[in-house]
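Undergrad: Here the sequence shown stands for residues -24 to -1, 1 to 364, where the numbers follow mature numbering (1 follows the signal peptide of the UniProt record, and there is no 0). Idealized CB from N, CA, C, for every residue including glycine.
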Amino acid sequence: MKNKLATVLIIALSGTSFSHTSHADVLDKTSFKFSGFIKVDGILSQYSDGTIASGNIGRDFYIPSLTPVGGEEEGAQLDAHARQSRFRFSTDTKLGNGDTVSGVLEFDFQATPNGDERISNSYTPRVRHAFLKYKNWLVGQTWSTFQDVRTLPESLDFIGATDGTVFARQALIRYSQGGFDISLENPETTITPFGGGSRIVADDNAVPDLALRYTFKQDWGHIAIAGLVRQLSYENKQGGSDIDTSTTSTGISVTSKIKFGQDDLRLMATTGKGLGRYLALNAVNGAVLDVNNELQSIDSYAISAAYRHLWDSQWRSTLGYSIFSADNDITLTGGSVAKETYSVRANLLYSPSPELTFGGEYSYAKQTKENDLDGDMSRLQFSAKYAF
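1) So, does the segment 309 to 326 touch the segment 62 to 71, judging by three or more C-beta pairs under 8 Å?
2) I want to see whether chain D comes within less than 7 Å of residue 238, judged by CB atoms only; does it?
3) Could you tell me the alpha carbon to alpha carbon distance between residue 187 and residue 229, rounded to whole angstroms?
4) Among the residues of its own chain, which have a CB less than 7 Å from the CB of residue 379, if the five just before and after it don't count?
5) Kindly list the residues whose CB is nearer than 6 Å to the CB of residue -8, restricted to its own chain and excluding five residues on each side of it in sequence; keep chain order.
6) With DSSP as the reference, please indicate the residues paired to residue 277 in a beta bridge.
7) How many Å lie between residue 57 and residue 357 at the Cα?
8) Identify which residue in 237, 55 and 337 has its Cα closest to the Cα of residue 288.
9) Assuming the contact rule is C-beta atoms closer than 8 Å, residue 133 and residue 37 should be a hit. Round their C-beta distance to whole Å, please.
10) Distance check for residue 26 and residue 48, CA to CA, integer angstroms please.
11) Below 8 Å, can you find three or more Cβ-Cβ pairs linking the segment 279 to 296 to the segment 188 to 207?
12) With 16 other CB atoms within 10 Å as the buried threshold, where does residue 45 fall?
13) Could you check if residue 273 is buried or exposed, using at least 16 other CB atoms within 10 Å of its CB as the buried criterion?
14) CB-CB under 6 Å to residue 159, same chain, minus the five flanking residues each way: which ones, in chain order?
15) Note the first and the last residue of the continuous beta strand (DSSP E) segment covering residue 228.
16) So the beta strand (DSSP E) residue 309 belongs to, where does it begin and stop?
17) In chain order, what residues of the same chain lie with their CB nearer than 6 Å to the CB of residue 279, ignoring the 5 residues before and after it?
18) Using alpha carbons as the reference points, say which of 309, 301 and 17 lies closest to residue 344.
19) Beta carbon of residue 310, beta carbon of residue 43: below 7 Å?
20) For residue 383, tell me which candidate among 306, 209, 200 and 213 has the shortest Cα-Cα distance.
21) Would you mind stating whether residue 257 and residue 227 have Cβ atoms separated by less than 7 Å?
22) How big is the Cα-Cα spacing for residue 55 and residue 267?
23) Please tell me whether residue 82 and residue 59 are closer than 7 Å, where the distance is taken between their beta carbons.
24) Between 126, 216, 360 and 182, which has its C-alpha nearest residue 200's C-alpha?
25) Shortest alpha-carbon distance to residue 197 belongs to which of 231, 359 and 275?
26) Spatial neighbours of residue 361 within its chain, please: CB distance less than 6 Å, with the 5 preceding and 5 following residues excluded, ordered by chain position.
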């Protein structure tokens, strides 16, 4: 049924551009699949040192650098939305040489603007994944090779182990053979101005990021080791500026998912210099400008651990902890940058059938700045999810 509906939709959208022969080719050579889920969340948040403004993305899911610090405590805030709802469209086409080419398009509404909670709660769809796979090659937008998605915890929050995980989706070209993956990925540099201030998103890189990963699989689970090498670059010769600087960023990440019967333990540990946007949703930038307008990379590390326990065939829980820490040179960055963030969370999920899940989750998070200002967040989240 999904294949027939998908075929009808494609033909309808393409109008008269399809010939009768093309219709037959689509039916004969390509299989289509719709999948995704509808997820509704109710989120009650309490902040110790300030508030997050209405409409801010930090109200919808946990972002470590947005935990307020240095302000006054306000009352709890309730937000409800269906923005995590997701739609995935995938295809497989048999080619004339006997090979198969696959394609994926996936959308959600989670991090887009153009909506608010006043009247219609409408939000713009965004592309999560858009890629093709042919033989050992993947080309398009998807998860970075530096990230191991298999070790993300099962959480009601959008990410869950946010402080402690590598998290990046971007355009790339990847070659895979056995347990080995290597990719060239879209570059970007985020910079802290000398003395602190608003983030500079340079987009001046001339070479792609290089990511490698090897995964060792066994009956007990897997362990993966990933490496990242990239250029951090910034050029600005406008308005009297004369900046043209670059430096190298490197990182290593070790991840594992270990089975204990039906339970499992998911682990991540990442460290490096200039990792910036790859860790903790860019809690700290990759580099800072010094007094001579030269880039100095910022060291950081991140760790997360999550244990999932199945109480029975319908009930399960995850207990997780994650931490991010940066080694800022405060003579360059100033004291308003993040020094450390961490969070803990626990949930209880109920699935009367595999397609349907209800659950509740409590999380606590804290952010500390280099100037020793800190603040924490307590959050209670309830969700209902229907997967199809």
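TA: Short version:
1) no
2) Protein chain content of the structure displayed is limited to a single chain, and chain D is not contained in it.
3) 11 Å
4) It is not possible to answer for residue 379, since the shown part of the chain is limited to -24 through 364.
5) Annotation note: pLDDT 49 at residue -8 (below 50); position unreliable, coordinate value reported separately. Once the five neighbours on either side are set aside, residue -8 has no close Cβ partner at all.
6) 247 and 301
7) 11 Å
8) 237
9) 6 Å
10) 5 Å
11) no
12) buried
13) buried
14) 121, 148, 150 and 187
15) 219 to 236
16) That residue, residue 309, is in no beta strand (DSSP E); its alpha helix (DSSP H) goes 306 to 309.
17) 140, 245 and 299
18) 301
19) no
20) Because the chain in this structure spans residues -24 to 364, residue 383 falls outside the shown range and cannot be described.
21) no
22) 43 Å
23) no
24) 126
25) 231
26) 13, 15 and 333
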